[in-house]
Amino acid sequence: MSARLLALSFLLLTSACVSQGPESLLGTEERALQERRIELTRTGDCVFQSGIDGFDTLDDRHVVLYSGGRRRAYLAELTGVCFDLGGQVSLTAVDGDGNGQICGYGRDSLAFQRMGRVENCRILGLEQLSDERRLELGLAIPARPEPGKEPKAGDTATPQ
């Protein structure tokens, strides 16, 4: 009797956790649009490791690496899902093949420290972003200096 009662209560608890109605589909359309929007158009671009000076995290699989004071942006697609990537304040670009460049092929990766251990996420693809592509991804485009004027540090144009 108690085994039956225990099994029944377990079934009731587990069935309450599973949803098959429209509530279980919430956000799936938005996620699909986001994944399509972030899809790389090419994957073999490279950036010098020493030139990387910033990053923005789009999600746990996509990071935008900046070089040249945010003038050049590169979209990196990472293997699997790098948990808590969005919560990181610093990333390290790891040059896995020792050629001085971070590329969308080879053994290059991005690493960060999480809960006392190093997470290493291999780069599957790297795409240098055009201004149009940056706007499509919701990123600021760099301000163009007027002829004869040097840009001030931190100048960027915001998307309209």
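Numbering (this note's numbering), first residue to last: 3 to 162.
Virtual Cβ for every residue (Gly too), placed ideally from N, Cα, C.
Burial state of residue i, where buried means 16 or more other Cβ atoms lie within 10 Å
{"i": "ASP86", "result": "exposed"}
{"i": "PHE57", "result": "buried"}
{"i": "GLU134", "result": "exposed"}
{"i": "GLU138", "result": "exposed"}
{"i": "SER69", "result": "buried"}
{"i": "SER111", "result": "buried"}
{"i": "ILE143", "result": "buried"}
{"i": "GLY100", "result": "exposed"}
{"i": "GLY88", "result": "exposed"}
{"i": "GLY127", "result": "buried"}
Supposed close pair residue i, residue j - CB separation, criterion 8 Å
{"i": "LEU42", "j": "LEU93", "result": "Their Cβ separation, rounded to whole angstroms, is 18 Å, which puts LEU42 and LEU93 out of contact at 8 Å."}
{"i": "ASP62", "j": "VAL96", "result": "The pair is not a contact, with the Cβ atoms about 18 Å apart (cut-off 8 Å)."}
Selection from the options that minimises the alpha carbon distance to residue i
{"i": "ARG124", "options": "LEU80, ASP61, ALA75", "result": "LEU80"}
{"i": "ARG73", "options": "ASN101, ILE40, ASP55", "result": "ASP55"}
{"i": "LEU45", "options": "TYR107, ARG135, ARG136, GLY100", "result": "In the sequence on display, residue 45 carries Thr and not Leu. Per the Cα distances, TYR107."}
{"i": "ARG109", "options": "ARG116, ASN122, GLY118, GLN115", "result": "ASN122"}
{"i": "GLN115", "options": "VAL49, GLY71, VAL91, ILE40", "result": "VAL91"}
{"i": "LEU141", "options": "ALA75, ASP47, VAL49", "result": "ALA75"}
{"i": "GLN130", "options": "MET117, LEU60, CYS105", "result": "CYS105"}
Counterpart residues of residue i in DSSP-defined beta bridges
{"i": "TYR76", "result": "LEU67, GLN130"}
{"i": "GLY56", "result": "TYR68"}
{"i": "VAL49", "result": "ILE104"}
{"i": "THR81", "result": "None, per the DSSP bridge assignment."}
{"i": "GLU121", "result": "PHE114"}
{"i": "VAL96", "result": "SER111"}
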